[in-house]
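Just so you know, the protein sequences line up as chains Y and R, in that order. According to full-length UniProt numbering, the first sequence is numbered sequentially starting from 1. According to full-length UniProt numbering, the second sequence is numbered sequentially starting from 1. C-beta atoms are modelled at their ideal positions from N, C-alpha and C, and glycine is treated no differently. Here is the structure we will look at.
There are 2 protein chains.
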Amino acid sequence: MDELQLAEQMLSCVTKMRRALDERLKVYGLSVPRKRVLGALTEGPVRQGTLAAAFAVTPRTITELVDGLQRDGLVERRDDPADRRARLVCLTPAGRLADEQAKAARAEVIGGMFADLPAEDRAALARILTSIDHRLGAVPLDERTR
Amino acid sequence: MDELQLAEQMLSCVTKMRRALDERLKVYGLSVPRKRVLGALTEGPVRQGTLAAAFAVTPRTITELVDGLQRDGLVERRDDPADRRARLVCLTPAGRLADEQAKAARAEVIGGMFADLPAEDRAALARILTSIDHRLGAVPLDERTR
DNA sequence: TATTGTTATACTCTATAACTATA
DNA sequence: TATAGTTATAGAGTATAACAATA
Chain Y
1 MDELQLAEQM
11 LSCVTKMRRA
21 LDERLKVYGL
31 SVPRKRVLGA
41 LTEGPVRQGT
51 LAAAFAVTPR
61 TITELVDGLQ
71 RDGLVERRDD
81 PADRRARLVC
91 LTPAGRLADE
101 QAKAARAEVI
111 GGMFADLPAE
121 DRAALARILT
131 SIDHRLGAVP
141 LDERTR
Chain R
1 MDELQLAEQM
11 LSCVTKMRRA
21 LDERLKVYGL
31 SVPRKRVLGA
41 LTEGPVRQGT
51 LAAAFAVTPR
61 TITELVDGLQ
71 RDGLVERRDD
81 PADRRARLVC
91 LTPAGRLADE
101 QAKAARAEVI
111 GGMFADLPAE
121 DRAALARILT
131 SIDHRLGAVP
141 LDERTR
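Shown next, in the form of structure tokens:
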């Protein structure tokens with residue numbers, strides 16, 4: 001099965017990438033989901049419900065993640081002046097620092113992956129992945145915040 | 001960052017693929033790791049330690065997975081006649097059936113992903129992924145059993 | 001009535017460490 | 001002394017369901 005092998009190669013690459021990333025993020029007390037939350041807060045406070053929708057997880061999952069990040073002093077919860085039911089999550093200075101360090105670590109890992117890949121291969125890869133991505137359905141997550 | 005975007009596209013594709021797979025496997029009481037174990041047993045009984053090495057996880061993780069699969073009647077543990085410390089894991093008829101159904105479901109999901117991709121794009125993708133995979137380090141897992 | 005986020009509860013996958021049985 | 005796999009314990013990430021406060 002040709003297709004199965006392609007899928008396995010993609011899985012293999014991504015698995016290794018995630019492992020490498022997790023390894024690097026651990027230094028800053030982060031994980032991929034935790035980093036994803038921090039990354040979503042750099043522009044300013046965000047509601048928990050918005051985060052849940054952005055990452056396509058349940059509100060419960062966000063409660064859990066934010067609890068942990070708050071415990072570690074990386075984020076704060078504030079009341080939303082516009083809706084007293086809602087909570088706004090925002091970065092602390094420590095959280096902003098961790099996010100920036102994590103961003104640099106991530107760039108390093110990913111840079112290593114594609115380092116020697118010729119420009120035309122990058123273009124081809126981007127084009128092919130885009131078409132596969134579309135075939136798999138509309139983008140439900142804000143992948144840019146990973 | 002061009003490279004970051006490529007990485008995000010790969011993550012997005014694989015995330016969606018995993019979700020689609022998980023959704024389909026759930027019907028058979030399986031998950032991706034559980035299916036992976038079943039798939040490794042189709043040729044015959046395998047020691048737990050061998051499974052741990054093949055998937056690059058700790059023996060503890062295999063104990064957990066095999067416990068669950070055994071509870072559901074999909075695998076059995078047997079004594080290894082060659083080493084009384086070791087346990088051989090083997091498929092039950094129900095496990096073999098589940099594995100085959102899961103395989104078909106997987107082929108369907110993956111077939112859909114690559115359905116309309118031209119042959120030259122498949123070849124390019126395979127070549128590029130192979131080079132990235134190598135750059136990420138030697139293959140520690142038996143990816144074929146996924 | 002509907003929505004926001006919490007508690008309560010539970011499952012899967014993963015890990016480390018200590019231990020038992022065997023080699 | 002080393003190995004195979006278990007118990008014991010833990011933690012992250014995820015889910016559903018019931019509920020409180022608010023809209």
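Run the CB neighbour count on residue i, radius 10 Å, all protein chains shown included, and call it buried at 16 or more, exposed below.
i, result
"A40 of chain Y", "buried"
"V75 of chain Y", "buried"
"D133 of chain Y", "buried"
"V46 of chain R", "buried"
"D2 of chain R", "exposed"
"D99 of chain Y", "buried"
"R71 of chain R", "exposed"
"G44 of chain Y", "exposed"
"A119 of chain R", "exposed"
"A123 of chain R", "exposed"
"K26 of chain R", "exposed"
"L125 of chain Y", "buried"
"L97 of chain R", "exposed"
"R36 of chain R", "buried"
"A56 of chain Y", "exposed"
"R34 of chain Y", "buried"
"A115 of chain R", "exposed"
"Y28 of chain R", "buried"
Show which residues of chain Y have a CB atom less than 8 Å away from the CB atom of residue i.
i, result
"S31 of chain R", "By Cβ distance, chain Y contributes nothing, its closest Cβ being about 14 Å from S31 of chain R, past 8 Å."
In chain Y, which residues lie less than 7 Å from residue i when you measure between Cβ atoms?
i, result
"V14 of chain R", "M10, L11, V14"
Using a C-beta to C-beta distance shorter than 9 Å, which residues of chain Y count as neighbours of residue i?
i, result
"D121 of chain R", "A124, R127, I128, S131"
Check the C-beta distance from residue i over to residue j and give it rounded, since I have them as a contact under 8 Å.
i, j, result
"residue 202 of chain Y", "R77 of chain Y", "This structure leaves residue 202 of chain Y out entirely; chain Y is present only between 1 and 146."
"L21 of chain Y", "V89 of chain Y", "That pair is no contact at about 22 Å."
"L91 of chain Y", "L38 of chain Y", "7 Å"
"residue 233 of chain Y", "L65 of chain Y", "Since the first residue shown for chain Y is 1 and the last is 146, residue 233 of chain Y is missing from the structure and cannot be characterised."
"R135 of chain R", "G112 of chain Y", "7 Å"
"L4 of chain Y", "M10 of chain R", "In fact, because the Cβ distance is near 17 Å, the residues do not count as touching under 8 Å."
"L117 of chain Y", "S131 of chain R", "7 Å"
Output, in chain order, the set of chain R residues within a Cβ distance shorter than 9 Å of residue i.
i, result
"F114 of chain Y", "D2, E3, L6, A7, I132, R135"
Name, please, each residue of chain R whose Cβ falls closer than 8 Å to the Cβ of residue i.
i, result
"G111 of chain Y", "E3"
"L117 of chain Y", "I128, S131, I132"
"A20 of chain Y", "L136"
Determine the chain R residues that contact residue i at a beta-carbon separation under 7 Å, and present them in chain order.
i, result
"L97 of chain Y", "By Cβ distance, chain R contributes nothing, its closest Cβ being about 20 Å from L97 of chain Y, past 7 Å."
"A105 of chain Y", "Residues of chain R passing the Cβ test: none, with the nearest at roughly 12 Å."
Does the ligand HEM have even one heavy atom less than 7 Å from the beta-carbon of residue i?
i, result
"D72 of chain Y", "By its list of ligands, the structure shown contains no ligand whatsoever, and the ligand HEM lies outside what it can speak to."
contact_flag[the stretch 99-116 of chain Y, the stretch 46-57 of chain Y] where n(CB pairs < 8 Å) is 3 or more: Under the Cβ criterion (8 Å, minimum of three pairs), the stretch 99-116 of chain Y does not count as touching the stretch 46-57 of chain Y.
At least 3 beta-carbon pairs within less than 8 Å: the stretch 62-82 of chain Y vs the stretch 8-15 of chain Y: Contact fails: fewer than three Cβ-Cβ distances are below 8 Å.
Chain-ordered residues of the stretch 46-74 of chain Y with a beta carbon less than 7 Å from chain R: Going along the stretch 46-74 of chain Y in chain order, one finds no residue with a Cβ nearer than 7 Å to chain R.
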